[in-house]
Structure formats: C-alpha cells, structure tokens
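Asker: For reference, the structure I am asking about is given below.
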Amino acid sequence: MSVVLIAMQELKRVLRDPSGLLLTLALPLALTVAVGFISGRVPLGRPPSDGFDALSYVAPGMALFAMMFSVRQAAKTTVDDADRGITRRLRSAPIGEISIAVGRTLSGVVMVAAQLLLLVGVSSALYGLRWGSPLPVLLLCLALSLSAGGWAALLVSLGRTSRGVGTLGTALTLVFAILSRSFAAVVPSAPWMDALSRITPNHWGLHGFSALALSGTLGSIAPDLLRLVLMSVTLWILAPLAGRLMTWRRKT
Amino acid sequence: MSLVEVNDLGKSYGSLAAVQGLTFQIEEGEVFSLLGPNGAGKSTTIGMLCGLVDPSAGDARIGGISIRGRSRQLRRTCGIVPQEIALYEELSVRDNLVFWGRLYGLRGKTLGTRVQAALSRFGLADRATSVVRTLSGGMKRRLNIAAGILHGPRLVFMDEPTVGIDPQSRRAILDLILELKAQGSTVLYTTHYMAEAEELSDRVGIIDHGRLLAMGSCKELAQGIGGQESVLLQLGNEEDGGRLVQELEGMPGVKAASDGSRVTVAAARVSQILPRIVEAAASIRASLRDIEIREPNLETVFLAYTGRALTASGGEA
Chain C
0 MSVVLIAMQE LKRVLRDPSG LLLTLALPLA LTVAVGFISG RVPLGRPPSD GFDALSYVAP
60 GMALFAMMFS VRQAAKTTVD DADRGITRRL RSAPIGEISI AVGRTLSGVV MVAAQLLLLV
120 GVSSALYGLR WGSPLPVLLL CLALSLSAGG WAALLVSLGR TSRGVGTLGT ALTLVFAILS
180 RSFAAVVPSA PWMDALSRIT PNHWGLHGFS ALALSGTLGS IAPDLLRLVL MSVTLWILAP
240 LAGRLMTWRR KT
Chain Z
0 MSLVEVNDLG KSYGSLAAVQ GLTFQIEEGE VFSLLGPNGA GKSTTIGMLC GLVDPSAGDA
60 RIGGISIRGR SRQLRRTCGI VPQEIALYEE LSVRDNLVFW GRLYGLRGKT LGTRVQAALS
120 RFGLADRATS VVRTLSGGMK RRLNIAAGIL HGPRLVFMDE PTVGIDPQSR RAILDLILEL
180 KAQGSTVLYT THYMAEAEEL SDRVGIIDHG RLLAMGSCKE LAQGIGGQES VLLQLGNEED
240 GGRLVQELEG MPGVKAASDG SRVTVAAARV SQILPRIVEA AASIRASLRD IEIREPNLET
300 VFLAYTGRAL TASGGEA
C-alpha cells in the first residue's frame with residue numbers, strides 16, 4: 000500500500016512540475032514534430048510508400064534520448080529530496096525502506112513507459128509511423144523503462160550532489176545518444192563505438208524498435224528484452240557498490 | 000514508567016564519537032530540550048531515537064519499545080519535525096498534509112478532519128491550495144510542524160524548528176509548541192537558542208561534544224553551578240571582545256566568553272569583582288557601552304559547564 004502511495008505521490012510531483020513536464024514530454028514531442036516537418040512529412044498526410052524514411056529512424060532515437068533525460072531528472076529529484084530532508088522524513092515514517100525505493104522506482108518506470116508510449120502514439124497518429132505490433136512495442140517500452148530505473152540508481156550513486164547528478168546525467172544522455180547513433184543511423188561509426196554502445200539502453204532499444212518496424216515479432220526482440228532486464232538488474236546491484244566506493248574515495 | 004528511556008546511548012563514525020554515554024528519561028507530557036551548539040550531537044541523538052541512525056552503543060526505549068528494532072509501531076508513536084523544510088515544494092499545502100497523514104495510516108474522514116484542523120490551527124487554511132514553494136519561510140516552517148504532528152503522536156521530536164526565520168514567525172511557532180505542551184504532548188526539542196529552551200522546557204539537557212554535561216529544570220541547573228551570576232558587557236568594538244576575554248582569563252573562578260563585542264562573564268558574586276572587570280576593560284582601552292548583571296540563567300549555566308558562550312548562530316565563542 001505504501002509503495003503505491005509513494006509512487007502516486009512521485010507521479011503527482013512530475014505532473015505538477017512544469018519544467019519536468021517540458022523536458023520529459025513536451026520537448027520530445029516537439030522534436031518529433033520538428034523532425035517530421037524537416038523531413039518533408041505532412042501531419043496526418045500519407046507516409047512514403049518506398050525509399051528511406053528518416054522519421055522512422057529518428058523517432059525511436061528521439062524517444063530514447065528523451066528517456067535518458069527523464070533518467071537524469073529522476074536521479075536529480077532523488078538527490079534533491081535527500082538534501083531537503085524528505086528522504087529522512089520518509090524513512091522515519093512507519094514504512095519499510097524497500098517500500099520507499101520500490102515506490103520511487105515504480106513511478107519512474109511508469110513515467111518513462113508513458114513517455115515512450117506517448118511518442119509512439121503521437122508519431123503513429125500524426126505521421127502514420129509503423130512501430131510494429133502493439134504488445135511487443137509495449138513490452139519493449141517497459142523493458143526500457145526498467146533499464147532507465149537502473150541507470151537512474153547508478154547516477155544517484157555516482158553523482159551524489161544535485162549538481163553532480165545534473166552534469167553527469169546530461170553527459171550520459173549525450174554520450175549514449177552519440178554511441179548508439181540515435182540521430183544518425185546512416186553515418187558509419189568506429190567498431191569501438193559499436194562495441195561500447197552495447198552498454199546503453201539506447202542501442203538495444205533502437206535494435207528492438209527497428210526489428211519491430213520491419214515486421215519483427217515478440218520472438219525476434221526477446222533477446223533485446225532480456226538484455227535490457229539484465230542491464231537493469233546489473234545496474235541495481237552496481238549502484239550501491241558505486242555509492243560505497245564514492246564514499247570511500249571522499250573519505251580518503 | 001518514563002515515555003523515553005535513554006541508556007548509555009552512543010554513536011561513533013570511525014574514530015569520531017558524535018554522541019557518547021547519553022542517559023536520560025523523558026516523562027509523558029514533558030517538554031525536554033537538548034541545548035548545545037552546532038555539532039554537539041543533538042541531531043544525531045534525534046536520528047537515533049527516530050530509528051534513522053543505528054546506535055554504536057547503548058539503547059533507548061520509547062513507550063517500552065527498543066529503538067534498535069526499527070519497529071513500525073514505534074515510528075507510529077513518534078512524530079518528527081526535521082530541521083530542514085522536508086516538504087514537497089511543487090505540491091499544495093493540503094496535498095502535503097494528506098500525503099504525510101496517509102503515510103502514518105490516516106484514512107477517510109479521520110484524515111480529512113485532521114487535515115482541516117491542522118490547516119486552521121497552523122493558520123494555513125486560506126493557503127490550503129497554494130503550492131508550497133510560494134509560501135513564506137514562516138508558513139513553510141508551520142506546515143513542516145503540522146506534517147510532523149498530524150497523526151497525533153505520543154512523542155514529538157523537534158529538531159531546531161525555528162532556525163532561520165523572522166522573529167514574528169518564531170514567536171508563532173513557540174506559541175504553537177506551548178499550546179502542544181498545554182495539551183499534554185511530550186516533546187523532545189533541540190535548540191541552540193537559550194531563551195527558547197528556558198521558555199519552553201520543563202527540563203533542559205546541556206550537550207556538548209556529544210556528551211550530556213548537565214540536566215534538570217532551569218532552576219536546578221542554575222543552582223547546580225553554585226549560585227554563579229553573570230555579567231554582560233557590551234563593548235564598542237568587536238575586536239575588543241576577544242582581548243577582554245584574554246585579560247579576564249587569569250582571574251580565579253571567572254569564566255568569560257565573547258560573541259563579537261558582547262562579553263559574558265560568569266563568577267560567584269560577580270558584583271564584587273565588577274570593578275576588576277571594568278579595570279581590565281580600561282587596561283586594554285576597550286570602550287564599555289553597557290554593563291548588565293544577570294540572575295543565573297541558562298547562559299551562565301552553559302558558560303560554567305563548557306567554558307564557552309553559545310552564539311546566536313549556534314556556534315561557540
């Protein structure tokens with residue numbers, strides 16, 4: 000019960016925070032519309048029947064770029080809450096510490112999944128973009144939001160301060176987008192970049208979305224889903240260890 | 000049986016002992032203050048009693064329940080008003096109260112009635128729908144207290160709730176605490192303001208460097224220092240304060256401390272040594288603006304036990 004209460008409270012906060020909403024929902028939507036306009040697509044017009052459709056590649060890249068911004072935002076809120084004594088106050092309430100962590104993560108997962116699905120929905124409705132079968136798309140969005148939760152936890156441990164998390168989060172968002180070539184699929188990249196991009200959720204997300212757009216099935220993206228879930232679990236294990244390492248480094 | 004029983008409680012961070020050998024009791028309906036400078040161990044003590052900090056030594060029982068178990072029943076018994084404004088700034092006053100109330104198990108009509116009562120009692124009824132970040136500092140402080148006591152706890156921890164606010168808001172908060180006291184609430188209050196401790200508390204514990212140096216009612220504490228009096232000297236220059244303290248240090252049975260141009264001197268029968276104090280001031284060419292002899296108070300007690308004065312910012316002088 001307390002998990003749901005905390006998750007609802009966190010979601011309410013996001014919805015009542017204009018800057019957060021702008022960054023997580025309005026900005027990616029505006030970018031998608033802008034890219035559609037630049038690539039010559041007319042809203043509610045006919046999708047191109049043949050040839051390269053820039054939007055069909057850029058839209059998932061945009062969605063994943065926006066997802067990483069949400070990760071940064073969620074991590075920053077967690078650190079700000081600790082600074083403002085909210086976490087301390089929550090911990091003094093008659094609820095378990097796990098409820099607090101799960102509640103917060105749940106709200107983040109729901110938020111990111113909603114953000115991805117909104118982009119999928121709007122780009123489909125506006126430009127007739129083909130994302131693939133609804134169920135695999137939904138599952139891919141959920142797996143991506145789980146991995147986003149893991150990255151947010153690691154970001155909190157490594158960044159520690161609001162400023163640190165903000166800077167590191169922005170850097171991570173940009174580096175992940177570049178490594179996974181979120182906006183420039185046709186540009187060839189170095190093999191080391193390809194290898195490194197495998198640690199990013201953007202890489203597996205793009206891989207999965209591309210497969211689904213090319214009539215892929217749930218079976219064809221199952222390895223991507225599994226990798227994203229494993230990434231999430233690994234990050235949740237790494238996050239507290241990284242936190243301890245940072246504390247030790249600060250002391251020495 | 001006392002509501003709070005603290006036995007030899009201690010907390011160490013590596014080689015640093017933040018709190019050591021703390022032993023005291025708080026009776027039901029009592030306001031007990033921990034008075035000490037910043038870093039004395041007040042917040043660590045509250046942290047341990049709330050179950051937020053694991054003690055390194057000793058134990059404490061609240062309503063018979065050990066704090067070591069981190070029991071939910073114990074946490075439901077307590078209400079905490081933290082030093083920080085621990086509120087959701089992007090949400091409304093009412094939303095905040097509803098959330099904290101629910102977290103402590105309040106539901107339905109009871110929750111609605113309690114929230115409404117708190118809004119009226121804390122003078123926030125007309126700002127119920129306002130977003131917290133738009134409130135004044137004093138209003139946020141009041142809401143911070145309201146969120147801590149909404150569920151009607153048997154014991155309230157208040158960790159320096161008047162830090163950084165204007166005198167009018169401070170007065171309003173002190174009146175609220177006096178109201179709580181009149182209603183029979185048990186409060187553990189931490190502060191570095193001696194006037195607050197004197198006004199609010201049934202008993203005061205003086206804490207410094209993690210140790211409880213003395214404990215009792217203000218009267219008992221004053222008697223405990225052997226009828227010492229204090230004289231307050233107001234000098235013309237801030238630099239003269241430290242120099243005068245150095246001059247007075249050699250006098251037997253005299254303890255002196257300065258806070259800028261304000262010097263506090265504690266001694267038995269201070270009136271008899273007043274001429275020597277004035278001579279000392281004259282010898283360093285300090286201009287004396289005002290001299291006030293005071294009855295023994297917490298300021299004298301703190302100076303007598305620690306050898307230092309407590310400044311308005313919570314530091315030591």
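Quick note, the sequences are listed as chains C and Z, same order.
Going by numbering that gives the first Met the number 0, the first residue of the first sequence is number 0, and it counts up by one from there.
Going by numbering that gives the first Met the number 0, the first residue of the second sequence is number 0, and it counts up by one from there.
Idealized CB from N, CA, C, for every residue including glycine.
Quantities reported herein were computed from a predicted structural model and do not represent experimental measurements.
#1: When you compare only the Cα positions, how much space is there between glycine 207 (chain C) and alanine 142 (chain C)?
#2: How many angstroms separate the CA atom of leucine 138 (chain C) from the CA atom of aspartate 193 (chain C)?
#3: Going along the chain, which residues of its own chain have a beta-carbon closer than 6 angstroms to the beta-carbon of cysteine 140 (chain C), five neighbours each way excluded?
#4: Kindly list, in the order they appear in chain C, the residues whose Cβ is closer than 7 angstroms to that of phenylalanine 98 (chain Z).
#5: Verify whether the separation of the beta carbon atoms of arginine 69 (chain Z) and glycine 50 (chain Z) is less than 8 angstroms.
#6: Any beta carbon from chain C within less than 8 angstroms of glutamate 246 (chain Z)'s own beta carbon?
#7: Could you give the C-beta distance for isoleucine 25 (chain Z) and valine 3 (chain Z), rounded to a whole number, given that I count them as a contact under 8 angstroms?
#8: Can the beta-carbon of phenylalanine 23 (chain Z) be found less than 8 angstroms from the beta-carbon of glycine 235 (chain Z)?
#9: Output needed in chain order: residues of the stretch 187-212 of chain Z with a Cβ under 9 angstroms from some Cβ in chain C.
#10: List, in chain order, every chain Z residue whose beta-carbon is nearer than 9 angstroms to that of lysine 11 (chain C).
#11: Select from the stretch 214-232 of chain C all residues with a C-beta closer than 8 angstroms to any C-beta belonging to chain Z, and list them in chain order.
#12: Determine the burial state of valine 57 (chain C): buried for a count of at least 16 other Cβ atoms within 10 Å of its Cβ, exposed for fewer.
#13: Can you have a look at alanine 81 (chain Z) and say buried or exposed, based on whether 16 or more other CB atoms are within 10 angstroms of its CB?
#14: Note down, in chain order, all residues in the stretch 98-112 of chain Z with a beta-carbon under 8 angstroms from any beta-carbon belonging to chain C.
#15: Tell me the start and end of each unbroken alpha helix (DSSP H) in the stretch 106-189 of chain Z that is at least 4 residues and wholly inside, in chain order.
#16: Does the stretch 237-249 of chain Z come within contact of the stretch 291-304 of chain Z, defined as at least 3 CB pairs closer than 8 angstroms?
#17: Please report whether the beta-carbon of cysteine 217 (chain Z) lies at a distance below 8 angstroms from any beta-carbon of chain C.
#18: Do we get a CB-CB distance below 8 angstroms when we pair arginine 83 (chain C) with the residues of chain Z?
#19: Would you list, in chain order, the members of the stretch 72-103 of chain C that have their beta-carbon closer than 7 angstroms to a beta-carbon of chain Z?
#20: Find the nearest neighbour of isoleucine 177 (chain C) within the set C:Leu237, C:Val3 and C:Asn201, judged by alpha-carbon distance.
#21: Give the residues from the stretch 61-78 of chain Z that approach chain C closer than 8 angstroms (Cβ to any Cβ), ordered along the chain.
#22: Assign valine 3 (chain C) to buried or exposed, taking buried as 16 or more other Cβ atoms, counted over all protein chains shown, within 10 Å of its Cβ.
#23: Please identify the residue among C:Thr76, C:Arg197, C:Val164 and C:Gly168 whose C-alpha is closest to the C-alpha of arginine 180 (chain C).
#24: Tell me, which residues are paired with aspartate 258 (chain Z) by DSSP?
#25: Give the DSSP-derived three-state secondary structure of valine 80 (chain Z) in the structure shown.
#26: Thinking C-beta only, is valine 155 (chain Z) closer than 8 angstroms to valine 186 (chain Z)?
#27: Along chain Z, which residues have their Cβ under 7 angstroms away from the Cβ of aspartate 16 (chain C)?
#28: Give the C-beta separation of alanine 147 (chain C) and valine 70 (chain C) to the nearest angstrom, bearing in mind that I take them to be a contact with Cβ-Cβ under 8 angstroms.
#29: Tell me arginine 293 (chain Z)'s beta-bridge partners as DSSP assigns them.
#30: Using the three-state DSSP reduction, which class does valine 253 (chain Z) fall into: helix, strand or coil?
#31: Report the option in Z:Asp258, Z:Tyr304 and Z:Val230 whose CA atom is closest to the CA atom of proline 274 (chain Z).
#32: Are the Cβ atoms of leucine 86 (chain Z) and leucine 142 (chain Z) separated by less than 8 angstroms?
#33: Going by DSSP, name the residue or residues bridged to aspartate 58 (chain Z).
#34: For glutamine 19 (chain Z), which residues in the same chain have their Cβ closer than 7 angstroms to its Cβ, ignoring the five residues on either side in sequence?
#35: Based on the DSSP secondary-structure assignment, which residues constitute the bridge partners of methionine 214 (chain Z)?
#36: Do threonine 299 (chain Z) and isoleucine 224 (chain Z) count as a contact pair if the criterion is CB distance below 8 angstroms?
Answerer: According to the structure data:
#1: For glycine 207 (chain C) and alanine 142 (chain C), the distance between alpha carbons rounds to 11 angstroms.
#2: Taking the straight line joining both Cα atoms gives about 25 angstroms.
#3: These residues qualify, in order along the chain: Ala112, Leu115 and Leu116.
#4: Here the neighbours are Gln8.
#5: It is a contact, given that the beta carbons lie within the stated cut-off.
#6: Cβ-Cβ to chain C under 8 angstroms: no for glutamate 246 (chain Z).
#7: Between isoleucine 25 (chain Z) and valine 3 (chain Z) the beta-carbon gap is near 4 angstroms, inside 8 angstroms, which marks them as a contact.
#8: Contact check for phenylalanine 23 (chain Z) against glycine 235 (chain Z) fails: the beta carbons are separated by 8 angstroms or more.
#9: Those residues of the stretch 187-212 of chain Z placed with their C-beta closer than 9 angstroms to a C-beta in chain C do not exist.
#10: The answer, in chain order, is Tyr87, Glu89, Leu90, Asp94 and Phe98.
#11: Here the close residues number zero.
#12: The residue is buried, with at least 16 neighbouring Cβ atoms inside 10 Å.
#13: Reading the sequence as shown, one finds proline at residue 81 (chain Z) and not alanine. Classification of proline 81 (chain Z): buried, given that the 10 Å Cβ count is 16 or more.
#14: Residues Phe98, Trp99, Arg101, Leu102, Tyr103 and Gly104.
#15: DSSP runs (the alpha helix (DSSP H)) wholly in the stretch 106-189 of chain Z: 107-120, 136-148 and 166-181.
#16: Contact between the stretch 237-249 of chain Z and the stretch 291-304 of chain Z is absent, because fewer than three Cβ pairs lie under 8 angstroms.
#17: Nearest CB-CB separation between cysteine 217 (chain Z) and chain C: not below the 8 angstroms threshold.
#18: It does; some Cβ of chain Z falls within 8 angstroms.
#19: Residues of the stretch 72-103 of chain C with a C-beta atom less than 7 angstroms from some C-beta of chain Z are Arg83, Gly84, Ile85, Arg87, Arg88, Arg90, Ser91, Ala92, Pro93 and Ile94, listed in chain order.
#20: When only C-alpha atoms are compared, the closest one is C:Asn201.
#21: Within the stretch 61-78 of chain Z, the qualifying residues are Arg71, Gln72, Arg74, Arg75 and Cys77.
#22: Residue burial is scored here from C-beta neighbours: valine 3 (chain C) has fewer than 16 other C-beta atoms within 10 angstroms and is therefore classed as exposed.
#23: Closest option to arginine 180 (chain C), Cα to Cα, is C:Arg197.
#24: Within the DSSP secondary-structure output, aspartate 258 (chain Z) pairs in a beta bridge with Z:Arg261.
#25: Note: valine 80 (chain Z) maps to strand in three-state DSSP.
#26: Yes, they are a contact pair.
#27: Those are Glu89, listed as they occur along chain Z.
#28: So it is a contact: roughly 5 angstroms between Cβ atoms.
#29: Partner(s): Z:Ser229.
#30: Three-state result, valine 253 (chain Z): coil.
#31: The shortest C-alpha to C-alpha distance from proline 274 (chain Z) to any of Z:Asp258, Z:Tyr304 and Z:Val230 is the one to Z:Val230.
#32: Cβ distance < 8 angstroms, so leucine 86 (chain Z) and leucine 142 (chain Z) count as in contact.
#33: Note: aspartate 58 (chain Z) sits in a beta bridge opposite Z:Asn6.
#34: So the qualifying residues of the chain are Gly9, Gly209 and Arg210.
#35: Methionine 214 (chain Z) pairs with Z:Gly204.
#36: Isoleucine 224 (chain Z) places its beta carbon less than 8 angstroms from that of threonine 299 (chain Z).
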